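These notes are about the structure you will find just below.
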Amino acid sequence: MFYLCKNFEFMSHKLSEQEQIRRRALEELIDLNIDPYPPYSYEVNATTEEIHGNFPHDSSLFQDISIAGRLMNKRIMGSASFAELQDSKGRIQLYFNRDEICPGEDKTMYNTVFKRLIDIGDIIGVKGFVFTTRMGETTIHVKEFTILCKSLRPLPIVKEKDGKTYDAFTDPEQRYRQRYVDLIVNPHIRDVFKIRADMINSIRGFLVELGCLEVETPVLQPIYGGAAAKPFKTYHNKLDTTLYLRIANELYLKRLIVGGYDGVFEFGKDFRNEGMSRFHNPEFTQMEMYVAYKDYYWMMDVFEQMIEKAVIELYNNTSVKSGDNTIDFKRPWKRFTMYEVIEHYTGVDISGMGESELSDLAGRLGVATDKYMAKGRIIDEIFGEKCEPHLIQPTIIMDYPLEMSPLAKKHRSKSGLVERFEVICNGKEICNAFTELNDPVDQRKRFEEQIELGKRGDPEAMVIDEDFLRAVELGMPPTTGLGLGIDRLVMILTGSKSIQDVIFFPQMRPEK
RNA sequence: GACUCGGUAGCUCAGCAGGUAGAGCACAUCCCUUUUAAGGAUGGGGUCCUGAGUUCGAACCUCAGCCGAGUCACCA
Numbered sequence: 134m135f136y137l138c139k140n141f142e143f144m145s146h147k148l149s150e151q152e153q154i155r156r157r158a159l160e161e162l163i164d165l166n167i168d169p170y171p172p173y174s175y176e177v178n179a180t181t182e183e184i185h186g187n188f189p190h191d192s193s194l195f196q197d198i199s200i201a202g203r204l205m206n207k208r209i210m211g212s213a214s215f216a217e218l219q220d221s222k223g224r225i226q227l228y229f230n231r232d233e234i235c236p237g238e239d240k241t242m243y244n245t246v247f248k249r250l251i252d253i254g255d256i257i258g259v260k261g262f263v264f265t266t267r268m269g270e271t272t273i274h275v276k277e278f279t280i281l282c283k284s285l286r287p288l289p290i291v292k293e294k295d296g297k298t299y300d301a302f303t304d305p306e307q308r309y310r311q312r313y314v315d316l317i318v319n320p321h322i323r324d325v326f327k328i329r330a331d332m333i334n335s336i337r338g339f340l341v342e343l344g345c346l347e348v349e350t351p352v353l354q355p356i357y358g359g360a361a362a363k364p365f366k367t368y369h370n371k372l373d374t375t376l377y378l379r380i381a382n383e384l385y386l387k388r389l390i391v392g393g394y395d396g397v398f399e400f401g402k403d404f405r406n407e408g409m410s411r412f413h414n415p416e417f418t419q420m421e422m423y424v425a426y427k428d429y430y431w432m433m434d435v436f437e438q439m440i441e442k443a444v445i446e447l448y449n450n451t452s453v454k455s456g457d458n459t460i461d462f463k464r465p466w467k468r469f470t471m472y473e474v475i476e477h478y479t480g481v482d483i484s485g486m487g488e489s490e491l492s493d494l495a496g497r498l499g500v501a502t503d504k505y506m507a508k509g510r511i512i513d514e515i516f517g518e519k520c521e522p523h524l525i526q527p528t529i530i531m532d533y534p535l536e537m538s539p540l541a542k543k544h545r546s547k548s549g550l551v552e553r554f555e556v557i558c559n560g561k562e563i564c565n566a567f568t569e570l571n572d573p574v575d576q577r578k579r580f581e582e583q584i585e586l587g588k589r590g591d592p593e594a595m596v597i598d599e600d601f602l603r604a605v606e607l608g609m610p611p612t613t614g615l616g617l618g619i620d621r622l623v624m625i626l627t628g629s630k631s632i633q634d635v636i637f638f639p640q641m642r643p644e645k
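Numbering (my numbering), first residue to last: 134 to 645.
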């Protein structure tokens, strides 16, 4: 015997008419001694996918099936009705016949329960056999059905006819806030998250195969570092101390390299307290990896392999259609130095230029700069403005100005530059990597330069992390490291226009 | 943060020479057939985002605010 509260007076918000009707249906079910939330499991022996994949070819199959899912449509017609059931794999039509559901005199299960008390959105289990209707649709002939969960809110059902879509649930705000509804009524968006998961698994497999250890490092950090960004600040009561949510994994992962690991990687959330846009969510997923005794040339090759492998596993092909562009990840990718690319797109060789010259150039090119921007930042602005958008195919851009890369090692032969590369794809950066700076004297100097930049007004200048310096002073082997923006890559691989489409629950303003 | 557009029934939207609201779907009652965004009949449902102003009168005009979308700027 089940036990259920039938008193809805406590509800804080005023119920809509449809909610009231559903609650009344709930009460009626209880009065009929039907538990709307039965406590037991329901055995399922088929999925919609299996049925659609096999039935027409072999009609001896699926003659005694049990399947469960959400009711998505109901077409009542006297003594014979049709409905649609959606499980995690897809949808299938159900056929209900009054006299088969209710073989005896009592037609309650059909006339009252099925026709009136079951609503779209309810989760039900059905037993029966599969057949093909006169209209040629694979359908389950239902002999018995069970309510597994009564739904108390109406679902915005999407309808289609003749290729036209009606009542689509498309409002982005509603879709992101109520992702559960989005997943129910727009099941195709699951594909994006499947690709996301598969991609992450592919990369993880590749890194494990490479011999790297997957690790976890703190999200709550007393000093944030490893990137140029504004942090989220929080507070630990017992320690009576300010903590920051990490903006990058870098400094902790390098400590592990100091500790003696040859290769480590971490998939993790980073948090940046900055503007939001279709390319930026305050929390985003990054994969960072560090490998000892290797340099950035090695990393370029490895990154190309890793991404090419993932794309092939996902699409059986190296190229992907992303919006209007077709992007081919087939190795090897084009490689240019940053100066080469800037010269290519602006016609200006900036290699000998100083800060004031660069500032003038930026002005001539219509690139906005700020007072606190030193030489490196200005170059980066010009690159970001004039070059990046043109780079659609994956392209390795190498050798960045030293000032904007305080954790990267000086270039072995080019003064003023560091051994750093980024991969630009679809006009956006997808990874950032360098030969890591392991000279502790130089590292301290770089941090001090960051302090100067901070004094000059750069809100994203780094702060000194003495514990990190202590580790580097102990000695870090030559190392290469890389950070990969997972969300951005998923956007490219799925052709998503907004980062919110590749994150289940993107950050939103609190409701109401 | 700047600019543009938008916020009307559960869903998608219409309504604007300013006269306190409509359609389709959904919902309710009824009829009916292996039907297909089912069809037919009847019916219920809305502080027209919020606040102030103009007006005899505002969903519509003005101002302010809230929320969202798009574009641009910055960071992955």
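Ideal Cβ positions, reconstructed from N, Cα and C, are used throughout, including at glycine. As the structure is a computational prediction, the values presented were derived from the model and not from experiment.
Short check: CB of residue i to CB of residue j, under 7 Å?
i	j	result
THR266	PHE188	no
GLU383	GLU399	no
PHE412	PHE365	no
ASP315	ARG308	yes
PRO289	VAL325	no
MET595	ILE390	no
LYS260	GLU277	yes
ILE234	MET242	yes
ILE625	SER455	yes
ILE679	ASN458	Nothing can be reported for residue 679, as the shown portion of the chain is limited to 134 through 645.
ARG286	PHE638	no
THR612	ALA362	no
ALA443	SER284	no
TYR429	ALA566	yes
GLY614	GLU562	no
PHE229	SER212	no
LYS207	ALA216	yes
ILE280	ILE257	yes
Locate the alpha helix (DSSP H) running through residue i, then write down its first and last residues.
i	result
ARG208	ARG208 -> not in any alpha helix (DSSP H); beta strand (DSSP E) instead, spanning 198-208.
ILE515	508-519
LEU622	619-627
ASP600	599-607
MET531	It is not in any alpha helix (DSSP H) - MET531 instead sits in the beta strand (DSSP E) that spans 528-534.
VAL435	429-448
Is DSSP giving residue i helix, strand or coil here?
i	result
SER214	strand
THR266	coil
PRO236	coil
HIS413	strand
HIS185	helix
GLU593	coil
TYR243	helix
ARG224	strand
CYS138	Its pLDDT being 42, under 50, CYS138 is placed unreliably in this model, and the value from its coordinates should be taken loosely. Coil, per DSSP.
PHE229	strand
ARG642	coil
LEU288	coil
GLY587	helix
GLU176	coil
VAL424	strand
VAL635	coil
TYR170	coil
In terms of residue numbering, what span does the beta strand (DSSP E) encompassing residue i cover?
i	result
GLU152	No beta strand (DSSP E) contains GLU152, which is instead part of the alpha helix (DSSP H) from 150-164.
GLU277	271-282
ILE253	Looking at the DSSP string, ILE253 is not in any beta strand (DSSP E), and its letter there is neither H nor E.
PRO305	First-last for PRO305: 305-310, but that is the alpha helix (DSSP H), not the beta strand (DSSP E).
Give every residue of the same chain whose Cβ lies closer than 8 Å to the Cβ of residue i, excluding the five residues on either side of it in the sequence, and list them in chain order.
i	result
GLN196	PHE262, VAL263
ASP532	THR470, MET471, TYR472, HIS544, LYS547, LEU550, VAL551, GLU552, ARG553, PHE554
ALA330	none
GLU152	LEU285, ARG286, PRO287
ASP239	none
Excluding five sequence neighbours on each side, which residues of the same chain lie with their C-beta closer than 7 Å to the C-beta of residue i?
i	result
ILE636	ASN414, ASP620
MET537	GLY509, ARG510, ASP513
LEU194	ASN187, PHE188
GLU176	SER199
Apart from the five residues on each side of it in sequence, which residues of its chain come closer than 6 Å, Cβ to Cβ, to residue i?
i	result
LEU353	LEU376
TYR385	THR350
SER629	VAL635
### Task
Would you mind listing the beta strand (DSSP E) stretches within the segment 323-408 that are 3+ residues and don't spill past its ends, in chain order?
Whole beta strand (DSSP E) segments, 3+ residues: 365-369, 374-378, 396-404.
### Query
Which full runs of the beta strand (DSSP E) of 3+ residues lie inside the segment 450-500, going along the chain?
Taking only runs of at least 3 residues, the beta strand (DSSP E) segments lying wholly in the segment 450-500 are 452-455, 458-461, 467-470.
### Task
At 3 residues or longer, and completely inside the segment 541-581: list those beta strand (DSSP E) runs for me, N to C.
Annotation note: the segment 541-581 contains the following uninterrupted beta strand (DSSP E) runs of length 3 or greater, listed N- to C-terminal: 550-558, 561-568.
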